[in-house]
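Okay, structure first, notes after.
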Amino acid sequence: MEGPRLPPSATFHESDDDKSDDPPSAWHRPTSSLSALPSQDPPPHHWRNHSLNLSPILATPPRSLPPPHSIPELETYVVQVPRDQVYWTPPPEHAKYVEERRNNPEKNKKNGCSKRLMWFFIILIFFGFIIGAITLILHFVFNPTLPVFAVERLTVKPNNIEITFRAENPTSNMGVSYMMEKTGMISLTYKNKSLGRGKFPKMSQAASGSDNVNVKLNGSTKNAVMPPRGSKQPVSLVLMMELKADYEAGPLIKNKEVVVTCDVKFKGLLDAKKVEIVSENCESEFKN
1 MEGPRLPPSA TFHESDDDKS DDPPSAWHRP TSSLSALPSQ DPPPHHWRNH
51 SLNLSPILAT PPRSLPPPHS IPELETYVVQ VPRDQVYWTP PPEHAKYVEE
101 RRNNPEKNKK NGCSKRLMWF FIILIFFGFI IGAITLILHF VFNPTLPVFA
151 VERLTVKPNN IEITFRAENP TSNMGVSYMM EKTGMISLTY KNKSLGRGKF
201 PKMSQAASGS DNVNVKLNGS TKNAVMPPRG SKQPVSLVLM MELKADYEAG
251 PLIKNKEVVV TCDVKFKGLL DAKKVEIVSE NCESEFKN
């Protein structure tokens, strides 16, 4: 009775020449000797859903990865910053400036006071410039002109002398008022000898106005050595007066002192009641 048949690998090794061309059956082929089948990717999703999968998919075990190298543990910090917030570091000179101000409070006070004084002087100079410009404009626009006086008539009486003046105000944009100081006098002289003294009456004139003024002088020609009666030689007299003139243009007022000197030549000063004026020249000037 024959025992069970053993596989050839159990009894003896076959030589390469004795190997059969027929492949052995799969039941005795060890699985470990089979080469790993190539891995197949699963079919696309649309293939799985819309096509017939006639070939079975072999389940392949996942490939074993080599052990990773040892990675040192690192400490990680996560900082969350809002997107609408920007952080920046000021330059070092700013920090130095702040530190100096913090350490020197007295210096800060002095700097503040000096800046206030500087602005005060700037504003003061600005207003001074404006006031100066306005004053300069008013000076050129409202500039008083010297008044014009002329002797029109002279009458000699036993105890007084009457003189008629023609006064004109050539200033076109300012009126003028004349008055005489308490100590002021009108004097009429002949060769430095006084013939009469008197006061100029207070009067007002409009701009570009002209008026006649009568002045009475106390005195006579008896005390002076005059030419003899009937002489045709003209007599030269000097008339002087100092007047206070106030020029006005609305709220603007300018005070002036006017000195008037008249050189007049008369004929028939002692023979007739009405003296003839041969020539006259009156000059005016501002004293201030």
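When we follow the UniProt record's numbering, the leftmost residue of the sequence shown carries the number 1, and every step to the right adds one.
Even glycine gets a Cβ: it sits at the ideal position worked out from N, Cα and C.
Just so you know, these numbers come straight off a predicted model, no measurement behind them.
Top-ranked residue by Cα proximity to residue i, from the options
{"i": "Gly268", "options": "Phe286, Glu285, Met226, Val260", "result": "Met226"}
{"i": "Arg153", "options": "Val213, Gly209, Glu248", "result": "Val213"}
{"i": "Glu285", "options": "Val275, Cys262, Ser279", "result": "Cys262"}
{"i": "Ser210", "options": "Ser194, Gly184, Ser172, Val238", "result": "Ser172"}
{"i": "Asn288", "options": "Lys232, Phe266, Glu257", "result": "Glu257"}
{"i": "Phe142", "options": "Lys254, Gly219, Thr155, Glu75", "result": "Lys254"}
{"i": "Phe149", "options": "Ser208, Arg166, Phe129", "result": "Arg166"}
{"i": "Ala245", "options": "Phe121, Ala206, Ile131, Gly219", "result": "Ala206"}
{"i": "Ser279", "options": "Phe126, Gln80, Val151, Ile131", "result": "Val151"}
Integer Cβ distance of residue i from residue j, believed to fall under 8 Å
{"i": "Ile277", "j": "Val264", "result": "6 Å"}
Beta carbon of residue i nearer than 9 Å to that of residue j
{"i": "Pro170", "j": "Leu146", "result": "yes"}
{"i": "Leu217", "j": "Asn160", "result": "yes"}
{"i": "Gly175", "j": "Ser187", "result": "no"}
{"i": "Leu124", "j": "Tyr178", "result": "no"}
{"i": "Val215", "j": "Thr164", "result": "yes"}
{"i": "Lys202", "j": "Gly184", "result": "no"}
{"i": "Val156", "j": "Thr189", "result": "no"}
{"i": "Met180", "j": "Met240", "result": "no"}
{"i": "Ser220", "j": "Pro158", "result": "yes"}
Three-way DSSP call (helix, strand, coil) for residue i in this model
{"i": "Thr76", "result": "coil"}
{"i": "Leu252", "result": "strand"}
{"i": "Ala206", "result": "coil"}
{"i": "Val278", "result": "strand"}
{"i": "Ser284", "result": "strand"}
{"i": "Leu239", "result": "strand"}
{"i": "Leu195", "result": "strand"}
{"i": "Lys96", "result": "helix"}
{"i": "Phe127", "result": "helix"}
{"i": "Met179", "result": "strand"}
{"i": "Asn49", "result": "Note that Asn49 scores a pLDDT of 48, beneath 50, so its modelled location is shaky; the value from the coordinates is reported in the next line. Three-state DSSP puts Asn49 in a helix."}
{"i": "Leu188", "result": "strand"}
{"i": "Leu146", "result": "coil"}
{"i": "Lys115", "result": "helix"}
{"i": "Phe120", "result": "helix"}
{"i": "Phe200", "result": "coil"}
{"i": "Thr221", "result": "coil"}
{"i": "Leu269", "result": "coil"}
{"i": "Thr135", "result": "helix"}
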